[in-house]
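J.:
Numbering (the working numbering), first residue to last: 33 to 356.
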């Protein structure tokens, strides 16, 4: 037994550190949008599942889409959602017995050209997963390749919140998730709807993002990882008998004209790529519609819409999806 004591001390130390780390996670890391999305797809089955980035999160209103299609959909597009994240969200829905009939992937070429940042925000979707096989595979497919310090101790990127530590614990233990969301996630500009849209409101004096926030697309900057995980999504959907459609949400007419060369390069790259795999793509920036070209209902040049334009666009999107 004496020979086991050193190992026992190591095990006890690791267990103690794990307990302390989880306590710090609880007191420092606020709830987030991903938790609401994951709760929906693991407790209900939807005909249509929208996956993608912040453009999809802001611009797609499932309620408006469903009015046109007569189907039931939900929006699990999220800020900082890379193709690898989308892949495991779909797998999670299927693993929990809620396989969708169709997946609509919102394409944002920016996320095909960026490397995953090494910070705590790269983990917030993974952290929101329940303990299951998909989370284990998610760890292997993404998380283990990032900064291990954020994996073991996510709280270390939230140390500026120590002053609110016990306040956050009280809030988490006394408020349900929906109440906490309304109080601490929603604000005068952003509101999470019941079906997953992060609806934006333009307020007086609100700063709008300009061209400097737009990351121009170039085919030679496409990351092999993003392409790999997108093809994994398409392959998984085909294997599971899930319909698969790709869309690109519109941007102001001025943005497309300002970055005409980059948009042309993206059109050529993705048209050829998707065509070779038999994947349909509709770019709504190329669909003639004066309402979608105006800049006054976009909160930035990059194409994030306010709630009014998002409802209109979602109606247009619903009519398109109804024909698919």
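Glycine included, each C-beta is placed from N, C-alpha and C at the ideal position.
Fair warning: this is a prediction, and the values are worked out from it, not measured in the lab.
Measuring alpha carbon to alpha carbon, tell me which residue in 240, 266, 48 and 296 is nearest residue 318.
T.: Taking the first residue of the chain shown as 1, we reach residue 318 at position 286. Nearest to residue 318 by C-alpha distance, out of 240, 266, 48 and 296, is 296.
J.: Quick one: what's got a C-beta closer than 7 Å to residue 148's C-beta in the same chain, skipping five residues either side?
T.: For the purposes of this step, residue 148 is identified with residue 116 of the chain shown, where counting begins at 1. Counting only Cβ-Cβ distances below 7 Å, and skipping sequence neighbours, we find 114, 154 and 178.
J.: Along the chain, where does the alpha helix (DSSP H) containing residue 339 start, and where does it finish?
T.: For the purposes of this step, residue 339 is taken as residue 307 along the chain shown, with counting starting at 1. Counting along the chain, the alpha helix (DSSP H) containing residue 339 begins and ends at 339-355.
J.: If I measure Cβ to Cβ from residue 358 and keep anything under 7 Å in the same chain, skipping five residues before and after, which residues do I get?
T.: There is simply no residue 358 to check, as the chain begins at 33 and stops at 356 in what is shown.
J.: What three-state label does DSSP hand residue 136 in the structure shown?
T.: Indexing the chain shown from 1 puts residue 136 at position 104. Looking at residue 136 - three-state DSSP - the assignment turns out to be strand.
J.: Would you list the residues sitting across from residue 232 in a DSSP beta bridge?
T.: Looking up residue 232 in the chain shown gives position 200. BP columns for residue 232 point to 222.
J.: Roughly how many whole angstroms lie between the Cα atoms of residue 255 and residue 202?
T.: Position 223 of the chain shown, counted from the start, is the residue given in the question as residue 255. Position 170 of the chain shown, counted from the start, is the residue given in the question as residue 202. So the two alpha carbons sit approximately 43 Å from each other.
J.: Need the endpoints of the alpha helix (DSSP H) that residue 142 sits in, please.
T.: Against the chain shown, residue 142 aligns to sequence position 110. In the DSSP assignment, residue 142 falls within the alpha helix (DSSP H) that extends over 142-145.
J.: Do you know how far the Cα of residue 186 is from the Cα of residue 124?
T.: Walking along the chain shown from the start, residue 124 turns up at place 92. Walking along the chain shown from the start, residue 186 turns up at place 154. Computed Cα separation, rounded: 22 Å.
J.: Please report the distance separating the alpha-carbon of residue 200 from that of residue 221.
T.: To locate residue 200, count along the chain shown from 1; it is residue 168. To locate residue 221, count along the chain shown from 1; it is residue 189. Straight-line Cα distance between these residues: approximately 23 Å.
J.: Would you kindly work out how many angstroms separate the C-alpha atoms of residue 268 and residue 130, rounded to a whole number?
T.: One-based indexing of the chain shown puts residue 268 at position 236. One-based indexing of the chain shown puts residue 130 at position 98. Taking the straight line joining both Cα atoms gives about 15 Å.
J.: Are residue 260 and residue 90 touching if we call contact CB-CB under 8 Å?
T.: Numbered from its first residue, the chain shown carries residue 260 at position 228. Numbered from its first residue, the chain shown carries residue 90 at position 58. Here residue 260 is not near residue 90, since their CB atoms are 8 Å or more apart.
J.: Give me, in chain order, the residues of the same chain whose beta-carbon lies closer than 7 Å to that of residue 78; leave out the 5 immediate sequence neighbours on both sides.
T.: By 1-based counting over the chain shown, the position of residue 78 is 46. Closer than 7 Å at Cβ, skipping near neighbours: 104, 105, 106 and 132.
J.: Candidates 283, 61, 281 and 157: which alpha carbon is nearest residue 174's?
T.: Indexing the chain shown from 1 puts residue 174 at position 142. Nearest option by C-alpha distance: 157.
J.: Using beta-carbon positions only, say whether residue 83 and residue 122 come within less than 8 Å of one another.
T.: The residue given as residue 83 occupies position 51 in the chain shown. The residue given as residue 122 occupies position 90 in the chain shown. Contact flag set, yes.
J.: Curious, which full-length alpha helix (DSSP H) runs of at least 4 residues does the stretch 228-274 contain?
T.: For the stretch 228-274, whole alpha helix (DSSP H) runs of length 4 or above, ordered along the chain, are 256-272.
J.: Tell me the DSSP secondary structure of residue 81 in three-state form.
T.: Counted from its first residue, the chain shown places residue 81 at position 49. Three-state DSSP puts residue 81 in a strand.
J.: Label residue 276 either buried or exposed according to how many other C-beta atoms from any shown protein chain fall within 10 Å of its C-beta, with 16 as the threshold for buried.
T.: Residue mapping note: residue 276 aligns to position 244 of the chain shown, counting from 1. Buried: at least 16 other Cβ atoms inside 10 Å.
J.: If you check the beta carbons only, do residue 350 and residue 100 fall under 8 Å apart?
T.: Translated into the one-based positions of the chain shown, residue 350 becomes position 318. Translated into the one-based positions of the chain shown, residue 100 becomes position 68. Yes, these two residues count as a Cβ contact at 8 Å.
J.: What residues in its chain sit with their C-beta under 8 Å from that of residue 143, if we drop five residues either side in the sequence?
T.: For the purposes of this step, residue 143 is taken as residue 111 along the chain shown, with counting starting at 1. Closer than 8 Å at Cβ, skipping near neighbours: 85, 113, 114, 115 and 258.
J.: With a Cβ-Cβ cutoff of 8 Å, do residue 248 and residue 294 count as a contact?
T.: As a position in the chain shown, residue 248 is number 216, starting the count at 1. As a position in the chain shown, residue 294 is number 262, starting the count at 1. With a cutoff of 8 Å on beta-carbon distance, residue 248 and residue 294 are scored as near each other.
J.: When the Cα atoms are used, what is the spatial distance from residue 134 to residue 273?
T.: On the chain shown, residue 134 is found 102 positions in, with the first residue counted as 1. On the chain shown, residue 273 is found 241 positions in, with the first residue counted as 1. Whole-angstrom Cα-Cα distance: 9 Å.
J.: Taking the CB atoms as reference points, tell me whether residue 230 and residue 65 lie closer together than 8 Å.
T.: Numbered from 1 along the chain shown, position 198 holds the residue referred to as residue 230. Numbered from 1 along the chain shown, position 33 holds the residue referred to as residue 65. Cβ atoms of residue 230 and residue 65: closer than 8 Å.
J.: Can you check which of these residues, 58, 354 and 344, is closest to residue 198 by C-alpha distance?
T.: As a first step, residue 198 must be located in the chain shown, where it is residue number 166. Nearest C-alpha to residue 198: 58.
J.: Mind checking whether residue 302 and residue 279 have CB atoms under 8 Å apart?
T.: Position 270 of the chain shown, counted from the start, is the residue given in the question as residue 302. Position 247 of the chain shown, counted from the start, is the residue given in the question as residue 279. Cβ distance not < 8 Å, so residue 302 and residue 279 don't count as in contact.
J.: For residue 291, does the three-state DSSP call read helix, strand or coil?
T.: In the chain shown, the residue the question calls residue 291 occupies position 259. Under the three-state reduction of DSSP output, residue 291 falls in the coil class, being neither helix nor strand.
J.: How big is the Cα-Cα spacing for residue 237 and residue 224?
T.: Stepping through the chain shown from its first residue, residue 237 is reached at position 205. Stepping through the chain shown from its first residue, residue 224 is reached at position 192. Going from the Cα of residue 237 to the Cα of residue 224 covers about 22 Å.
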